[in-house]
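Q: I have a structure I would like to understand better, so I am pasting it below and will then ask my questions one at a time.
Protein chains: 2
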Amino acid sequence: MSLIFKALSDPTRRRVLEMLRQRPMSAGDLAAAFQVSKPTMSAHFAVLREAGLIASEKQAQSVIYHLQMSVLEEAMLGFAQAFGWQLHTVSKPDSSPD
Amino acid sequence: MSLIFKALSDPTRRRVLEMLRQRPMSAGDLAAAFQVSKPTMSAHFAVLREAGLIASEKQAQSVIYHLQMSVLEEAMLGFAQAFGWQLHTVSKPDSSPD
DNA sequence: ACTCTATTTCGATATTTAGCTAAATACAAA
DNA sequence: TTTGTATTTAGCTAAATATCGAAATAGAGT
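Each protein sequence line maps, in turn, to chains W and B. Counting in my numbering, the first sequence tops out at residue 98, every number present. Counting in my numbering, the second sequence tops out at residue 198, every number present.
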């Protein structure tokens, strides 16, 4: 729980999660969306990975990250419960029409 | 949002919030529930206060802290929304019968 | 075997954090 | 006004974090 909240305490990392909610993305594509250096972004990815919030697969030269929605959801669920709230899924974001 | 998640990233501070969900408590009573020194607890209170999660009134010698439930709730609500969840209040804890 | 691209690791520095003890403050009470 | 109780501030250390540029690694393509 601490690792997850720590990961969420940085706005860059929260935005990464929101971006990954739309679709999986490569480290480079994600990094391009922010002002900081790639090594810094790589460190942010590591924090998110260690919290279990994202996972990656290698694809050719690229590393593709994707959100581990269930981990985020269970953490929020547990926390919400402790404060007398209930959490439920409303919708997934639109996927691009094909 | 960052201040709130930062505040929540420490287990001591999360437990303080849970205790204050039951009832307002003095700094000393709260501190007595943990192993760490009172100055350390005071620093934790400061972090929670700066995040807006708790507030205090002076009462004689004591400082009574209470949870700012609405701040916590709005933060969670906003975050939940960004991930397609909905949050709603289920119950308040039992107050002592009189 | 090179070379290019993508990403991470390394090494450095600066800042923040959590913890402590000792000292200061605030207020009550004697 | 001195004493006692509650809490915070000050000053410190050790550990963790965020950031960078440079170097290392991994794969693909030539």
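Note that the Cβ used here is the ideal one computed from N, Cα and C, for glycine as well. All of these numbers come straight from a predicted model, not from anything done at the bench.
Taking the alpha carbon of Gln61/W as the point to measure from, which residue in Ser26/W, Met1/W, Leu8/W has its own alpha carbon closest?
A: Ser26/W
Q: How many Å lie between Val147/B and Gln59/W at the Cα?
A: 42 Å
Q: My guess is that Met141/B and Leu130/B are in contact by the Cβ rule of under 8 Å, so how many angstroms apart are they, rounded?
A: 6 Å
Q: I need the boundaries of the beta strand (DSSP E) containing Leu187/B, first residue and last residue.
A: 185 to 189
Q: Tell me which residues of the segment 102 to 115 of chain B have at least one Cβ-Cβ distance to chain W shorter than 9 Å, keeping chain order.
A: Listed by position along the chain: Ser102, Leu103, Ile104, Phe105, Lys106, Ala107, Leu108, Ser109, Asp110, Pro111, Arg114.
Q: Within its chain, find whatever has a CB closer than 7 Å to the CB of Ala107/B; leave out the 5 residues flanking it on each side and keep chain order.
A: Arg113, Val147, Leu148, Ala151, Leu153
Q: Suppose you measure from the CA of Pro11/W to the CA of Val163/B; what does that come to, to the nearest Å?
A: 33 Å
Q: Hey, quick one: how far does the beta strand (DSSP E) through Val71/W stretch, first residue to last?
A: DSSP places Val71/W outside any beta strand (DSSP E); the residue lies instead in the alpha helix (DSSP H), whose first and last residues are 69 to 82.
Q: Using a Cβ-Cβ cut-off of 8 Å, state whether Arg121/B counts as contacting chain W.
A: yes
Q: Pop quiz: Val190/B and Trp85/W are said to be a contact at Cβ under 8 Å. What is the actual Cβ separation, rounded to whole angstroms?
A: 6 Å
Q: Just to check my reading of the structure: Arg121/B and Leu167/B have Cβ atoms closer than 8 Å, yes? What is that Cβ distance to the nearest angstrom?
A: 6 Å between Cβ atoms; contact.
Q: Buried or exposed for Ser137/B, please, with buried defined as at least 16 other CB atoms from any protein chain shown within 10 angstroms of its CB.
A: Classification for Ser137/B: exposed.
Q: Could you give the DSSP three-state label for Ser162/B: helix, strand or coil?
A: strand
Q: Have a look at Ala175/B and Ser102/B and give me their C-alpha separation to the nearest angstrom.
A: About 10 Å.
Q: So what's Ala51/W in DSSP terms, helix, strand or just coil?
A: coil
Q: Taking its Cβ as the centre, do 16 or more other Cβ atoms sit within 10 Å of His144/B, making it buried, or is it exposed?
A: Around the beta carbon of His144/B, a 10 Å sphere encloses 16 or more other beta carbons of the protein chains shown; the residue is thus reported as buried.
Q: Leaving out five residues before and five after Leu77/W in sequence, what residues of the same chain have Cβ atoms less than 6 Å from its Cβ?
A: Leu87
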